[in-house]
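Below is one structure, written out as structure tokens, with a few remarks after it.
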Amino acid sequence: KFKNGSPELLKTESLFNNPVFRFPFVSFTDAFNMLWLGSLEGGLFLVDKKNNYQRIKSINKGNPTSGDLKSDRISYLLKDSKDRIWIGTYNGLHIYNSKDTTVHPVESYYRITGEFTGNIITCIDEDNKGNIWIGTPNGLNRLTETADSIFTVDYFTENDGLASNFIKGIAHDINGNIWVSTNIGIT
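Residues in the sequence shown are numbered consecutively from 6, following the working numbering.
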């Protein structure tokens with residue numbers, strides 16, 4: 006939000022009248038100017054930036070209209086090149102179903118071969134080839150789409166050259182390199 010050409014800090018706790026917003030959250034804005042907010046306690050919120058930041062939808066664990074969100078601790082959000090929204094939580098990787106506005110674990114939404122290195126998702130990135138990279142405290146995972154809605158998971162650990170298994174961040178460059186930050190260094 007800008008005021009007189011300068012960024013204005015949103016006081017989310019008072020804006021949404023919800024104490025969950027006093028804790029850190031992750032966010033991004035989609036093509037429809039909807040603000041996606043993932044909190045560390047209250048799940049996922051969709052907010053309409055054009056209508057004075059009005060909350061449009063809350064997606065929480067245990068809410069039947071939310072789908073099958075396994076954790077209200079949202080750690081990462083990524084919109085990929087195919088407009089899919091990936092949601093990292095403290096209990097697995099989830100995907101947003103735009104048809105019915107629900108969230109589901111990727112294992113129940115897509116056909117996936119292989120296993121992730123853990124359920125706590127610390128970060129997500131998409132490389133130049135469309136692979137989805139997922140970081141956990143136990144290693145790095147590459148999700149490759151081999152056919153429509155069919156994926157394979159490959160994982161990488163210290164045994165493969167990572168500085169540490171605890172992945173803190175993932176980035177890719179224009180040359181196709183994947184840069185991984187860990188709790189003790191960059192690989």
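Even for Gly, the Cβ is constructed at its ideal location relative to N, Cα and C.
Beta bridge counterpart(s) of residue i as assigned by DSSP
i    : result
S63  : F50
A152 : I155
F261 : A query on residue 261 cannot be resolved here, the shown segment of the chain reaching from 6 to 192 and no further.
N102 : T107
R116 : I155
Test item: CB-CB of residue i and residue j under 8 Å
i    : j    : result
Y58  : I129 : no
Y101 : V111 : no
G181 : D132 : yes
N79  : G123 : The question names Asn, yet the displayed sequence has Ile at residue 79. No, Cβ-Cβ distance for I79 and G123 is not below 8 Å.
G144 : I172 : yes
V52  : M39  : yes
A168 : I189 : yes
D35  : K84  : yes
F121 : I139 : yes
Three-way DSSP call (helix, strand, coil) for residue i in this model
i   : result
T70 : helix
Y95 : coil
K84 : strand
Fill in: beta strand (DSSP E) runs wholly inside the segment 119-189, at least 3 long, in chain order
As for any beta strand (DSSP E) of minimum length 3 sitting wholly inside the segment 119-189, the runs are 128-131, 137-141, 144-152, 155-161, 172-177, 183-187, ordered along the chain.
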